[in-house]
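What follows is a set of notes on a single structure, which appears directly below.
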Amino acid sequence: MANYYCKHCGNKYTDVRTLTSASCVKSPTKKHELYEGNEKSQYTCKFCGIKQSNIRTLVSASCTKSSTKYHVPAL
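To convert, take the position in the sequence shown, counting from 1, and add 1; that gives my numbering.
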């Protein structure tokens, strides 16, 4: 079964419809948005290059180079 992740908060869902219908406090649209990359052993911030072992840890930390002030996972 595939897992789907929010690109703003890192929450994991098994159904994409559930992900996109739920609210997200970190999203500018206030809805979860699908991270379109594959599951990986490490996720990299597309602005500063820092790596974390899971997407939730990556997006929860602040990033001085991102316009959102949080790390944004690279595809």
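Cβ coordinates follow ideal geometry from the N, Cα and C atoms, glycine included.
With distance defined between alpha-carbon atoms, name the residue in the options nearest to residue i.
i, options, result
"Val60", "His33, Val17, Val73 and Asn4", "Val73"
"Ser42", "Thr69, Arg57, Thr65 and Ser24", "Arg57"
"Asn55", "Glu40, Lys32 and Ser24", "Glu40"
"Pro29", "Cys10, Gly38 and Glu37", "Cys10"
Does the Cβ of residue i have 16 or more other Cβ atoms within 10 Å, making it buried, or fewer, making it exposed?
i, result
"Gly50", "exposed"
"Leu76", "exposed"
"Leu20", "buried"
"Lys8", "buried"
Between which two residues does the alpha helix (DSSP H) carrying residue i extend?
i, result
"Ser22", "Val17 to Ser22"
Query raised in the report: In chain order, which continuous runs of the alpha helix (DSSP H) of length 4 or greater are located wholly inside the region 44-75?
Result: 56-61
Report task. Inspect the CB distances between the region 44-58 and the region 15-30 and report whether three or more fall short of 8 Å. Result -> no
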